[in-house]
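Q: Quick one: the structure is below, questions incoming.
2 protein chains.
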Amino acid sequence: MIADAQALTDNIDNPEKVRQNIIEVALDYLACGLDSTKSTLFVQSQISELFELSFYYMNLVTVSRLQRNPTIKMEIKMRNFGKNIPVGFFTYPISQAADITAFKATTVPVGEDQLPMIELTKEIVRKFNSLYGKVLVEPEALLPDNKACQRLPGIDGKSKMSKSLNNCIYLSDTADEVKKKVMNMYTDPNHLRVEDPGNVEGNPVFTYLDAFCKNEHFSRYFPEYNNLDELKEHYTKGGLGDVKVKKFLNAILQEELEPIRKRRAEFAKDIPEVYNILKKGNYMAREVAANTLAEVKSAMKINYF
Amino acid sequence: MIADAQALTDNIDNPEKVRQNIIEVALDYLACGLDSTKSTLFVQSQISELFELSFYYMNLVTVSRLQRNPTIKMEIKMRNFGKNIPVGFFTYPISQAADITAFKATTVPVGEDQLPMIELTKEIVRKFNSLYGKVLVEPEALLPDNKACQRLPGIDGKSKMSKSLNNCIYLSDTADEVKKKVMNMYTDPNHLRVEDPGNVEGNPVFTYLDAFCKNEHFSRYFPEYNNLDELKEHYTKGGLGDVKVKKFLNAILQEELEPIRKRRAEFAKDIPEVYNILKKGNYMAREVAANTLAEVKSAMKINYF
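Keeping their order, the protein sequence lines are chains A and B. At position 300 of the first sequence the residue is numbered 300 (this note's numbering), and the sequence of numbers has no breaks. At position 213 of the second sequence the residue is numbered 213 (this note's numbering), and the sequence of numbers has no breaks.
Structural data, given as structure tokens:
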């Protein structure tokens, strides 16, 4: 799903940006290998049923329950909303519950920061099913096995990547842009000289290596070491400069990103076809969501006609 | 509009009640003379577009703005929600803004307690139009000229009539039920004996007379007085018993309610036909709401396909 309606909750004065991002996200999905013949790619705002489900789920959640959501708290802080939190932003975990349950998803692959949303979704499902009968499916969160992938920090070392903070590496970035971003990446601020001991904890360069580095990368790009443990040991002891480590990370990321970038460029050549894929996806998603909504309304006894 | 979806915001565990009330409200509307060939009678939950509009309007209102709504504050207190306010209840003024603006209503006949809702609707319209261009229409509230009709109190003297407080006279009440309710009506608690001076302020018996009594009623039912001022004067001075005043009020209400009751009984003989009226209304309402939603989404640039 491309969550354009959710994007509007904190971009109300910038709909043109949201509009342009639709196609960017679609290209990202396709470039990463989502196969539109197997996965349904669709656009949130085109599935009316999701809004209707959200509306009914809102009766099953209290205001104070939403206020306790740690991710929402953090994001409110990050966006400097202060007291002026838009209601749409405040309630977006409920809308996410609609996005998940409309399709009776059993498993939702998420980052660690999205665990509170899955928790709320489960609560909504339990409450709905206990009030109206077993209609909805309780989803399970699926976290990456690799801890470093559970929440990849921003390249500025901030805990959350965010377009508004401009601290992400994009799948659409050119090789040069990726290199520039890696070389400018936040690292241990106390590791001033090569000979200084360095810290790998909370150091995004090493977190990214934790996420993406495999042993085979060493023989290809950094034969002085056999594995990441050795590299970390040297860095921690002192005598290993940041530039060398960043160059290694860059080589790994380029290897990872190159085929994605190529596929992205291929799909980008025929944007009307990408819109066609989404259009077809919308149609299919709507059919499923409409079925769920009909079951929901029937369980709630608001199927009068 | 029959606001069944709104009714669910504080009746989640009682959908059967909401379901039954649909037909009751429809009969009330028809009995009072709403002509389905001139007015579109429809059911809120059947107009999906309203939920979608609500969703987008939620981005235009802040949480603290909702918290300042005096009617919501009062109703939260009345319903003993405490800290457990359902989100759907908290946000219902936004949903009302959708109900109004979906049909580009210019004038909304309301009771005084609904003025904060119209105010919020105006704010939403202004904000939407200033962000995305002039699409929505700013509605004006229409209050009854007669002050007593702007907010008729409950028969228990509480400021708000409410089904949950069981302090209302229903259009479907029999003549006997109405009489019983009037004779049990809260009145001046210090007016213990006939000769005691009585208070007409905050006395629902007199507020109902202010709302319904015309001079002509005196010649028919209470020829000892020429008008309501004379009656009030006597009551205030002392020497006029509550029972006499209540009997007078009962006579007036019976005269007002009798034709409504008759029409209600007529319509109630053919419930499938009432459902047909609503079904036709839903169809018409949906067409108008869908047009507005299309304009809204196009203004917000989320019309990709």
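Ideal Cβ positions, reconstructed from N, Cα and C, are used throughout, including at glycine.
Mind listing, in chain order, the continuous beta strand (DSSP E) runs of no fewer than 3 residues lying wholly within the stretch 184 to 265 of chain B?
A: None, since the stretch 184 to 265 of chain B contains no complete beta strand (DSSP E) of that length.
Q: Distance check for residue 173/A and residue 221/A, CA to CA, integer angstroms please.
A: Working through the first sequence from its first residue, we reach residue 221/A at position 221. Working through the first sequence from its first residue, we reach residue 173/A at position 173. Roughly 22 Å separates the two Cα atoms.
Q: Where do the ends of the beta strand (DSSP E) carrying residue 108/A lie?
A: On the first sequence, position 108 is the one that residue 108/A refers to. Run containing residue 108/A: 107 to 109, per the beta strand (DSSP E) assignment.
Q: Could you name the residues of the same chain whose beta carbon sits closer than 6 Å to that of residue 143/B, not counting the 5 residues immediately before and after it, in chain order?
A: Within the second sequence, numbered from 1, the residue matching residue 143/B stands at position 143. Result list for residue 143/B: 150, in chain order.
Q: Quick check: is the beta carbon of residue 5/A nearer than 8 Å to any beta carbon in chain B?
A: For the purposes of this step, residue 5/A is taken as the residue at position 5 of the first sequence. Closer than 8 Å to some Cβ of chain B, the Cβ of residue 5/A qualifies, so yes.
Q: Does the stretch 287 to 303 of chain A touch the stretch 120 to 137 of chain A, meaning 3 or more C-beta pairs lie closer than 8 Å?
A: With the cut-off at 8 Å, the stretch 120 to 137 of chain A and the stretch 287 to 303 of chain A touch.
Q: Bridge partners of residue 62/A, per DSSP?
A: Here the question's residue 62/A lines up with position 62 in the first sequence. In DSSP, residue 62/A forms a bridge with 86/B.
Q: Taking Cβ-Cβ distances below 9 Å as the criterion, which residues of the stretch 38 to 55 of chain A are in contact with chain B?
A: Listed by position, the residues of the stretch 38 to 55 of chain A near chain B (Cβ gap below 9 Å) are 43, 45, 46, 48, 49, 50, 51, 52, 53, 54, 55.
Q: Could you tell me whether any non-hydrogen atom of the ligand SAH is closer than 7 Å to the CB of residue 139/B?
A: The model depicted lacks the ligand SAH and carries no ligand whatsoever.
Q: Cβ closer than 8 Å: which chain B residues qualify as neighbours of residue 300/A?
A: Start at 1 with the first residue of the first sequence, and residue 300/A comes out as number 300. The contacting residues are 8, 15.
Q: Distance cutoff 8 Å, beta carbons only. Does residue 88/B sit that close to anything in chain A?
A: Stepping through the second sequence from its first residue, residue 88/B is reached at position 88. So yes, residue 88/B belongs to the interface.
Q: Hey, residue 66/A and residue 87/B: beta-carbon distance below 8 Å or not?
A: In the first sequence, residue 66/A corresponds to position 66, counting from 1. In the second sequence, residue 87/B corresponds to position 87, counting from 1. For residue 66/A and residue 87/B, yes; Cβs fall inside 8 Å.
Q: Shorter than 8 Å from the beta carbon of residue 221/A to some beta carbon of chain B?
A: Taking the first residue of the first sequence as position 1, residue 221/A is located at position 221. With 8 Å as the cut-off, residue 221/A does not count as an interface residue toward chain B.
Q: Within its chain, find whatever has a CB closer than 8 Å to the CB of residue 271/A; leave out the 5 residues flanking it on each side and keep chain order.
A: Within the first sequence, residue 271/A is the residue found at index 271, counting from 1. Taken in chain order, the residues that qualify are 23.
Q: Considering only C-alpha positions, which residue in the set 260/B, 192/B, 92/B, 278/B is nearest to residue 56/A?
A: Taking the first sequence and counting its residues from 1, the one referred to as residue 56/A is at position 56. Checked all of 260/B, 192/B, 92/B, 278/B; the closest Cα to residue 56/A is 92/B.
Q: Let's test the definition: count the other Cβ atoms within 10 Å of the Cβ of residue 189/B and tell me whether it reaches 16, buried, or not, exposed.
A: Sequence index remark: in the second sequence, residue 189/B carries index 189 (1-based). Exposed, by the Cβ-count rule.
Q: Nearest-angstrom Cα distance between residue 109/B and residue 141/B?
A: Along the second sequence, read from residue 1 onward, the residue named residue 109/B stands at position 109. Along the second sequence, read from residue 1 onward, the residue named residue 141/B stands at position 141. Rounded to the nearest angstrom, the two C-alpha atoms are 6 Å apart.
Q: Within 10 angstroms of the Cβ of residue 213/A, are there 16 or more other Cβ atoms? Answer buried if so, exposed if not.
A: One-based indexing of the first sequence puts residue 213/A at position 213. Buried: at least 16 other Cβ atoms inside 10 Å.
Q: Exposed or buried, which one is residue 132/B when buried takes at least 16 other CB atoms within 10 Å?
A: As a first step, residue 132/B must be located in the second sequence, where it is residue number 132. So residue 132/B ends up on the buried side.
Q: What separation, rounded to the nearest whole angstrom, lies between the Cα atoms of residue 191/B and residue 254/B?
A: One-based indexing of the second sequence puts residue 191/B at position 191. One-based indexing of the second sequence puts residue 254/B at position 254. Whole-angstrom Cα-Cα distance: 25 Å.
Q: What three-state label does DSSP hand residue 138/B in the structure shown?
A: In the second sequence, counting from the first residue as 1, residue 138/B sits at position 138. If DSSP states are grouped into helix, strand and coil, residue 138/B belongs with coil.
Q: Can you tell me the Cβ-Cβ gap for residue 30/A and residue 261/A, rounded? I've got them flagged as a contact below 8 Å.
A: Numbered from its first residue, the first sequence carries residue 30/A at position 30. Numbered from its first residue, the first sequence carries residue 261/A at position 261. Actually they are not in contact, since the Cβ atoms of residue 30/A and residue 261/A sit about 12 Å apart, beyond 8 Å.
Q: Is it buried or exposed, residue 96/A, if we count other Cβ atoms within 10 angstroms and call 16 or more buried?
A: Counting from 1 along the first sequence, the entry for residue 96/A is found at position 96. Buried, by the Cβ-count rule.
Q: Note down, in chain order, each residue of its chain lying with its Cβ closer than 7 Å to the Cβ of residue 46/A, except the 5 sequence neighbours on either side.
A: To locate residue 46/A, count along the first sequence from 1; it is residue 46. So the qualifying residues of the chain are 282.
Q: For residue 156/B and residue 178/B, what's the separation of their Cα atoms in angstroms?
A: Within the second sequence, the letter at position 156 stands for residue 156/B. Within the second sequence, the letter at position 178 stands for residue 178/B. Between residue 156/B and residue 178/B, the C-alpha separation is close to 14 Å.
Q: So is residue 131/A in contact with chain B if we call contact Cβ pairs under 8 Å?
A: For the purposes of this step, residue 131/A is identified with residue 131 of the first sequence, where counting begins at 1. Yes, residue 131/A counts as interfacial toward chain B.
Q: For residue 267/B, I'd like the list of residues in its chain whose CB is within less than 7 Å of its CB, leaving aside the five on either flank, ordered along the chain.
A: As a first step, residue 267/B must be located in the second sequence, where it is residue number 267. Hits under 7 Å: 27, 30, 31, 274.
Q: Which residues in the same chain have their Cβ closer than 8 Å to the Cβ of residue 124/A, if we skip the five residues on either side of it in sequence?
A: Taking the first sequence and counting its residues from 1, the one referred to as residue 124/A is at position 124. 57, 60, 61, 94, 97, 101, 136, listed in sequence order.
Q: What are the boundary residues of the alpha helix (DSSP H) that includes residue 55/B?
A: As a position in the second sequence, residue 55/B is number 55, starting the count at 1. Per DSSP, residue 55/B belongs to the alpha helix (DSSP H) from 48 to 57.
Q: Taking the DSSP output, what are the residues bridged to residue 2/B?
A: Taking the first residue of the second sequence as 1, we reach residue 2/B at position 2. Answer is 43/B.
Q: Classify residue 92/B as helix, strand or coil using the three-state DSSP reduction.
A: Translated into the one-based positions of the second sequence, residue 92/B becomes position 92. Three-state result, residue 92/B: helix.
Q: Going along chain A in order, which residues have a C-beta closer than 8 Å to the C-beta of residue 275/B?
A: For the purposes of this step, residue 275/B is taken as residue 275 along the second sequence, with counting starting at 1. Correct list: 304, 305.
Q: For the alpha helix (DSSP H) containing residue 269/A, list its first residue and its last residue.
A: Looking up residue 269/A in the first sequence gives position 269. Run containing residue 269/A: none; DSSP gives neither H nor E here.
Q: Take residue 42/A as the anchor and find which of 304/A, 104/A, 170/A, 286/A has the nearest alpha-carbon.
A: Within the first sequence, residue 42/A is the residue found at index 42, counting from 1. Out of 304/A, 104/A, 170/A, 286/A, 286/A has the C-alpha closest to the C-alpha of residue 42/A.
Q: So that I know if they touch, is there some Cβ in chain A lying closer than 8 Å to that of residue 292/B?
A: Here residue 292/B corresponds to residue number 292 of the second sequence, with the count starting at 1. So, not an interface residue.
Q: Would you mind reading off the limits of the alpha helix (DSSP H) that contains residue 112/B?
A: Locating residue 112/B in the second sequence gives position 112, counting from the first residue. Segment: none, residue 112/B is in no alpha helix (DSSP H) and carries neither H nor E.
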